[in-house]
Amino acid sequence: MASDARRWRAERVKADEAALVEAQARLQASIAQQADAQRVLDDVTRGVVDLRDLTQSLATRLHESRYALLRQCMASLPDDVLRCIFEATVRDGDPLDAQGLHTPFTLAAACSRWRVVALASPILWSYISFVPKDEHGSVALDAAEARIATLLSRSRAAPLHILVVFWTATGDPETDEYRAFNRIFQTIGSHASRWKTATIYLPEAEDLSPIDFLKGPTPLLQELGVSMGDPGRESFAGPGTAFLPYTPNLRTLDLIETGVGCSPRSDFSALARLRIGPGACTDEELYDYLRRAPVLEELSVRIPISHAPQARIDLPALEFLSVGSESQALITQPTSSLLALPKLTVLFLSCVPDDSMASFLDAVSATVRGLYLHQRLTVEHLAVLHRLKNVEELAFIDTPKKTIDKATLDRLSSSDPPIWPRLTVLRDLAYAEGLDEHILHLLAARNPPLEPEGTASPSTTALPCRLRELNFNGAAPGWLVQEVARALAL
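Quick note: the sequence shown uses this note's numbering, first residue 2, plus one each step.
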């Protein structure tokens, strides 16, 4: 027994010795492999570092080469081409961008040649914006005053493009802020004879002195927009408050809360777009403006209409009419019968359609192709608006979440004869839960599967036009959007 135990232990020792030798050999081999791998890793790491340095060096050299090439190209450009580039940079910039206000100065400071070209280009300095960022900072106002004076000087006799935004002031003439603003604005206004376009947002004011310069001639003026805080007064009239006495080139006029009257001598013979917002004028003044605008193409009215015009008003070129909720009487009797709109193409309603509009809708039905609504469309509204027989586009503009309901969609789908048989475009439909089935029903009714050629039945001539566009204002289920796209593609 003892000899067996010794023999077993001896064999165990031999086995362990052999295993140890093998393990040591494997360890040495692994250490050697690790060393080899470490050398490879070190080589790769050094390669990465070298490549990074090379990449950075090449990028820097490329940037310098491009910059040098650009400078050579710019240096080789004729002065006329360089001036056109400068003028386009200013013209296409954002007038509300604080950095953009200093673009002419930045260009002029680049180098001596650029300065010569910039100073020789009056148009470059003709875009004048006054949009204070610091409500109570005299430094900001002082800097703006100096900048604007320089722009006016360097623009020489070039037509001016003006943007003034000053909502923050209280309108109290006794405050330092108002005095500073008034001083700057009067500086700009003293050059009103050079204005080509002007957009002005002013605070409430007790008087009209900030815009007195508009009582003088503005022969170059093509676009003017003036919006003031509610002045709390009736619209003025008479020679003492008659504005825009000479504007032979005026094409766009946009007035909100101005409470002023235009001169009886105002020349609106070129006026194409007129937007009258709340507090801008009285209905009688509006009628006077319209009589003097023979080529008016767009009209937007948002003032109360309490009287009909004393005589017929012909607007032979008017194509777009927008009527606010407070101006509904403009398209109801007796006013509507005194408006001649033979070319009206688009009607934009922010008022609630009712039977009082019937005669007006009948009168313009032959020409109106687009109907834009700033409200929800209901079955009751359809009972009135169906009189517009030739509507091709229905759009909801800035409408609250609900633009249409199930009953209205069903009426559009099933009405016989069809309502708006020429309708091909439905834009900015707001999706609401439960409308999907009714929208698809409308598509099925308007866009039935096409019959193979030569098999169309005689009744197909009575079908309404197929919808070619239907989109949503906001989110709609993905599957519904896909189904709409499929139906439109049939």
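Beta carbons are placed, not taken as given, at the ideal position from N, Cα and C, and that holds for glycine.
With fewer than 16 other Cβ atoms inside 10 Å of its own Cβ, Tyr-68 counts as exposed. Comparing C-alpha distances from Ile-314 to each of Arg-292, Ala-271, Ile-304, Val-324 shows the shortest one belongs to Arg-292. Judged by beta-carbon spacing, Ser-130 lies beyond the 7 Å limit of Leu-153, meaning their Cβ atoms are not closer than that value. Of the residues Ser-414, Glu-327, Gly-262, the one whose Cα lies closest to the Cα of His-439 is Ser-414.
Within the same chain, Cβ atoms closer than 6 Å to the Cβ of Ala-181 are found at Leu-142, the five residues on either side in sequence being excluded.
In terms of CA proximity to Tyr-432, Asn-472 leads the group Ser-326, Asn-472, Pro-79, Trp-126.
Around Ser-301, the same chain offers Arg-276, Ser-323 as residues with beta carbons nearer than 6 Å, after the five sequence neighbours per side are excluded.
Separation of Phe-87 and Arg-266 (C-alpha to C-alpha, rounded to the nearest whole angstrom) is 39 Å. Rounded to whole angstroms, the separation of the alpha carbons of Pro-305 and Gly-280 is 9 Å. Per DSSP, Ile-185 lies in no beta strand (DSSP E) segment; the continuous alpha helix (DSSP H) that holds it begins and ends at 177-190.
Within 10 angstroms of the beta-carbon of Leu-340 lie 16 or more other beta-carbons, which makes it buried. Arg-428 carries a strand assignment under DSSP once its states are collapsed to helix, strand and coil. Note that the C-beta distance between Thr-333 and Ser-357 is below 7 Å.
Boundaries of the beta strand (DSSP E) harbouring Arg-276: 274-277, taken from the DSSP string.
In this structure, Asn-448 sits away from Arg-423, with a CB-CB distance that is not shorter than 7 Å.
Pairing Ala-159 with Ile-124 gives a Cβ-Cβ distance under 7 Å. Take Val-91, set aside five residues on each side of it, and the residues of its chain with a beta-carbon closer than 7 Å to its own are Thr-104, Pro-105, Leu-125, Tyr-128, in chain order. Residues Phe-349, Ala-396, Ile-398 of the same chain have their beta carbon placed closer than 6 Å to that of Tyr-373, with the five preceding and five following residues left out of the count.
Spanning the alpha carbons of Arg-114 and Arg-72 requires a straight line of approximately 12 Å. Secondary structure at Ala-199: strand, using DSSP grouped into helix, strand and coil. Burial of Gln-329 is indicated by the presence of at least 16 other C-beta atoms within 10 angstroms of its C-beta. The alpha-carbon separation between Glu-299 and Leu-287 amounts to approximately 14 Å. From the listed residues Asp-17, Leu-254, Ser-264, the smallest Cα separation to Ala-273 is found for Leu-254.
If only complete runs of 4 or more residues are kept, the stretch 64-149 shows the alpha helix (DSSP H) at 80-92, 104-109, 113-120, in order along the chain.
For Leu-451, the secondary structure class from DSSP, reduced to helix, strand or coil, is coil.
Assigned with DSSP and collapsed to three states, Gly-226 falls in strand. When secondary structure is reduced to three states using DSSP, Ala-364 falls in the helix class.
Excluding its 5 nearest sequence neighbours in each direction, Ala-150 has C-beta neighbours in its own chain below 8 Å: Thr-188, listed in chain order.
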